[in-house]
Amino acid sequence: MMRGIAVSPGIAIGRVFLKTEQNLDFAEKTVTSAEKELARLAVALKQAESELKELIVNIGQKLGHEEAEIFESHLMLIDDPELIEPIKEKIKDEKINAEAAIAQTINFFSQMFAELDDEYIKAREADIKDVGKRLIRILSGQGKSTTELEENTVVVAIDLSPSDTAQLDTAKVLGFVTQEGSRTSHTAIMARSLGIPAVVGVGKELSVSIKQGRLVSGQTIIVDGNGGQVFINPDFETEHEYQQKREKYQQEQERLKKYKNKEALSKDGKKVEVCGNIGNIRDIESILEHGGQGIGLFRTEFLYMDRDTLPSEKEQFKVYRQVAEKMDGKPVVIRTLDIGGDKELPCLDLPKEMNPFLGYRAIRICLDQPDIFKTQLKAILAASNYGNIKIMYPMVSSVDEVKSANRILWECKKELAKEGKGYSQDLEVGIMVEVPAAVMEADIIAQEVDFFSIGTNDLIQYTIAVDRVNEKVAQMYTPYHPAVLKLIKKTIDSAHQAGIWVGMCGEAAADELLLPFLLGVGLDEFSMGAVSILRIKELLSKWTVEEAAEVSKRVLKLHSPDGIEDYLLKVAR
Numbered sequence: 001m002m003r004g005i006a007v008s009p010g011i012a013i014g015r016v017f018l019k020t021e022q023n024l025d026f027a028e029k030t031v032t033s034a035e036k037e038l039a040r041l042a043v044a045l046k047q048a049e050s051e052l053k054e055l056i057v058n059i060g061q062k063l064g065h066e067e068a069e070i071f072e073s074h075l076m077l078i079d080d081p082e083l084i085e086p087i088k089e090k091i092k093d094e095k096i097n098a099e100a101a102i103a104q105t106i107n108f109f110s111q112m113f114a115e116l117d118d119e120y121i122k123a124r125e126a127d128i129k130d131v132g133k134r135l136i137r138i139l140s141g142q143g144k145s146t147t148e149l150e151e152n153t154v155v156v157a158i159d160l161s162p163s164d165t166a167q168l169d170t171a172k173v174l175g176f177v178t179q180e181g182s183r184t185s186h187t188a189i190m191a192r193s194l195g196i197p198a199v200v201g202v203g204k205e206l207s208v209s210i211k212q213g214r215l216v217s218g219q220t221i222i223v224d225g226n227g228g229q230v231f232i233n234p235d236f237e238t239e240h241e242y243q244q245k246r247e248k249y250q251q252e253q254e255r256l257k258k259y260k261n262k263e264a265l266s267k268d269g270k271k272v273e274v275c276g277n278i279g280n281i282r283d284i285e286s287i288l289e290h291g292g293q294g295i296g297l298f299r300t301e302f303l304y305m306d307r308d309t310l311p312s313e314k315e316q317f318k319v320y321r322q323v324a325e326k327m328d329g330k331p332v333v334i335r336t337l338d339i340g341g342d343k344e345l346p347c348l349d350l351p352k353e354m355n356p357f358l359g360y361r362a363i364r365i366c367l368d369q370p371d372i373f374k375t376q377l378k379a380i381l382a383a384s385n386y387g388n389i390k391i392m393y394p395m396v397s398s399v400d401e402v403k404s405a406n407r408i409l410w411e412c413k414k415e416l417a418k419e420g421k422g423y424s425q426d427l428e429v430g431i432m433v434e435v436p437a438a439v440m441e442a443d444i445i446a447q448e449v450d451f452f453s454i455g456t457n458d459l460i461q462y463t464i465a466v467d468r469v470n471e472k473v474a475q476m477y478t479p480y481h482p483a484v485l486k487l488i489k490k491t492i493d494s495a496h497q498a499g500i501w502v503g504m505c506g507e508a509a510a511d512e513l514l515l516p517f518l519l520g521v522g523l524d525e526f527s528m529g530a531v532s533i534l535r536i537k538e539l540l541s542k543w544t545v546e547e548a549a550e551v552s553k554r555v556l557k558l559h560s561p562d563g564i565e566d567y568l569l570k571v572a573r
């Protein structure tokens with residue numbers, strides 16, 4: 001038995017498939033022409049870019065936009081001078097082959113990261129290795145992996161790259177186990193998205209077992225993605241015990257299905273809405289299958305990605321109409337274009353920025369380029385005839401921005417009327433609250449809109465000045481920070497005083513520990529990934545509003561994230 005980190009729930013019992021590690025120690029050869037090697041590297045970088053763009057599209061369709069973003073970070077790596085220039089320098093200065101230069105450079109970064117005691121940095125190590133292996137594979141002419149797996153397989157590896165994980169055949173793969181990895185690794189995120197049990201970080205015992213022949217392909221293996229245990233060649237009693245646990249877990253998932261068609265109600269009957277976040281049309285089926293009562297966040301950025309021209313009004317209208325019709329009267333909150341300097345789009349010539357998260361993005365772009373904004377708004381308005389559509393502006397920081405956006409929306413309505421096109425007269429307009437300035441002005445902004453939706457992902461990083469993708473400070477990123485929770489309460493209080501409703505579409509909406517706090521401070525709508533919906537519905541049914549309000553009062557008196565998390569763990573149900 002080995003212990004690791006449980007990163008994706010469930011229990012898998014199957015047969016071991018040992019995935020061999022692609023070696024990053026490529027034989028060094030002296031070359032006569034550094035220029036030819038640099039040309040080979042340039043071709044490999046171009047092919048890697050093409051492969052990654054194809055993968056981004058495929059993963060976006062299969063799992064959603066957030067999972068595809070993992071490979072957008074790989075795209076950034078192959079264009080990152082800090083990674084690529086050392087490879088080029090090695091080729092030029094040492095006159096060695098491109099494969100060896102890549103291997104040596106990647107190993108240097110990998111070893112440097114491995115020595116740092118930071119889970120986030122170690123998680124990013126896997127991304128750099130993935131990129132290095134991709135380039136070496138292309139240069140050595142190995143082609144893409146086409147390993148044919150049998151049914152009821154559990155993949156066991158030293159590590160799985162995000163690319164490997166994303167392309168697992170879930171019809172055959174029951175789960176996986178890795179020696180390396182962490183809760184925040186992209187591989188762990190992929191496992192949760194695929195819905196397969198996974199345990200990572202079991203340590204060197206795994207590689208020792210492989211070397212000593214105690215772990216070989218074909219053996220029976222149990223993966224406990226709930227408890228983090230892995231059993232190789234289990235005895236009859238252990239296998240029987242876990243078969244029962246697996247049945248119990250599956251029954252639990254079946255039990256949760258009873259909430260699929262139920263309203264989301266607190267124990268004393270208060271009605272809230274539990275909705276889903278989507279990045280494309282394909283996500284809708286999963287939201288409905290898991291009992292989502294609407295779409296609390298429709299990220300429209302996918303319409304603008306991987307293309308050289310901006311999407312037309314007609315093209316956007318078609319997509320928004322499809323979403324509205326598929327939701328059949330359930331609310332659909334469409335977020336207007338939320339893109340910026342941190343994401344490059346071929347169809348938008350956006351400037352490089354020193355600090356893109358504080359720069360030219362989201363509503364700022366839309367107000368600065370009203371033609372782009374108008375095209376999207378007119379498409380949304382026209383689609384509102386076919387369902388319960390709502391419009392949401394992202395990254396608002398002042399009431400003037402809201403007024404300007406609403407003015408453009410009013411112009412769009414006039415233009416549609418002239419064109420003889422209708423739109424819903426009841427269409428609601430709201431903002432995404434993710435900037436502290438918007439919270440402090442919430443009472444004023446609330447007079448101009450119909451709802452707020454709290455985007456905790458950005459609200460957290462803007463409030464406590466923590467870049468969640470910066471490995472040196474990412475460990476400070478937490479939804480339990482007292483300041484964040486006070487801002488959430490202030491947002492809700494300001495909205496309710498103005499008579500408008502409040503939702504939450506950030507990751508915190510699916511946080512089981514935070515649920516009583518959010519219910520207690522009066523959150524009206526929770527929006528999240530599909531897999532969390534049924535569990536959140538069940539948890540809501542276990543709390544009365546009075547009990548939850550007492551929890552929120554106690555939380556707001558605490559002064560540290562750890563203290564708040566500890567308290568919420570104690571009262572969890």
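Numbering (the working numbering), first residue to last: 1 to 573. Each residue gets a CB set at the ideal place from its N, CA and C atoms; glycine is no exception.
Query	Result
Looking only at its own chain, which residues have a Cβ that is under 6 Å from the Cβ of Asp224, when we skip the five neighbours before and after it?	Ile11
Using the C-alpha atoms, what's the distance from Gln475 back to Ile102?	30 Å
Please determine, among Tyr242, Thr153, Lys271, the residue with the shortest C-alpha to C-alpha distance to Ser217.	Thr153
Tell me, please, which residues DSSP counts as bridged to Tyr393.	Ile431
Would you check if there are 3 or more beta carbon pairs closer than 8 Å linking the region 526 to 541 to the region 262 to 277?	yes
Can you name the start and end residues of the beta strand (DSSP E) that Pro331 belongs to?	331 to 335
For Leu18, which three-state DSSP category applies?	strand
Find the nearest neighbour of Glu54 within the set Leu41, Arg40, Phe71, judged by alpha-carbon distance.	Phe71
Identify every residue that forms a DSSP beta bridge with Ser209.	The partner list for Ser209 (beta bridge, DSSP) is empty, contrary to what the question assumes.
Going straight from the alpha carbon of Ile564 to that of Gly195, what length do you get?	30 Å
Since Ala379 and Glu313 are thought to touch, with beta carbons under 8 Å apart, how far apart are those beta carbons, to the nearest angstrom?	5 Å
Between the alpha carbons of Asp450 and Phe231, how many angstroms are there, rounded?	54 Å
Name the residue from Glu252, Ala198, Asn233, Ala446 whose alpha carbon lies nearest to the alpha carbon of Asn226.	Ala198
Using 8 Å as the threshold, is the region 447 to 461 in touch with the region 408 to 418, meaning 3 or more CB pairs across them?	no
Determine the DSSP secondary structure at Gly520, reduced to helix, strand or coil.	helix
How far does the alpha helix (DSSP H) with Thr30 in it reach, from first residue to last?	Careful: Thr30 lies outside any alpha helix (DSSP H) and carries neither H nor E.
If I follow the unbroken beta strand (DSSP E) through Ser494, where does it start and stop?	Where Ser494 is concerned, there is no enclosing beta strand (DSSP E), although the alpha helix (DSSP H) it sits in stretches over 482 to 497.
Classify Thr146: buried if its beta carbon has 16 or more other beta carbons within 10 angstroms, exposed otherwise.	Since pLDDT at Thr146 reaches only 37, below the 50 mark, its modelled position is unreliable, and the value read off the structure follows with that caveat. Result: exposed.
First and last residue of the beta strand (DSSP E) that includes Val7?	5 to 8
For Glu273, does the three-state DSSP call read helix, strand or coil?	strand
May I have the straight-line CA-CA distance separating Ser33 from Ala42, to the nearest angstrom?	15 Å
Suppose contacts are defined by Cβ-Cβ distances below 8 Å. Is Thr30 in contact with Ile96 by that definition?	yes
Can you tell me whether Ala572 is buried or exposed? The criterion is at least 16 other CB atoms within 10 Å of its CB, across all chains shown.	exposed
Confirm, please, whether the CB-CB distance from Gly506 to Phe302 is below 8 Å.	no
Is Leu381 near Tyr423, with beta carbons less than 8 Å apart?	yes
Use the C-beta contact count for Ala188: other C-beta atoms within 10 angstroms, 16 or more gives buried, fewer gives exposed.	buried
For the region 291 to 300 against the region 489 to 496, do three or more pairs of beta-carbon atoms, one drawn from each stretch, fall closer than 8 Å, so that the two count as touching?	no
Assuming Ile500 contacts Ala446 (C-beta within less than 8 Å), just tell me the rounded distance between them.	6 Å
Count the other CB atoms, across all protein chains shown, that sit within 10 Å of the CB of Gln253; report buried if there are 16 or more and exposed otherwise.	exposed
Does the Cβ of Cys275 have 16 or more other Cβ atoms within 10 Å, making it buried, or fewer, making it exposed?	buried
Measure the alpha-carbon distance for Val177 versus Val200 and round it to whole angstroms.	6 Å
Out of Thr220, Pro479, Tyr304, His496, point me to the one whose CA is closest to Ile13's CA.	Thr220
Can you tell me which residues form a DSSP beta bridge with Ile232?	Ile221
Reducing DSSP to helix, strand and coil, say where Trp501 ends up.	strand
Can you tell me whether Ser619 is buried or exposed, with buried defined as 16 or more other CB within 10 angstroms of its CB?	The requested residue 619 does not occur in the structure, where the chain is confined to residues 1 to 573.
Can the beta-carbon of Ala509 be found closer than 8 Å to that of Ser527?	yes
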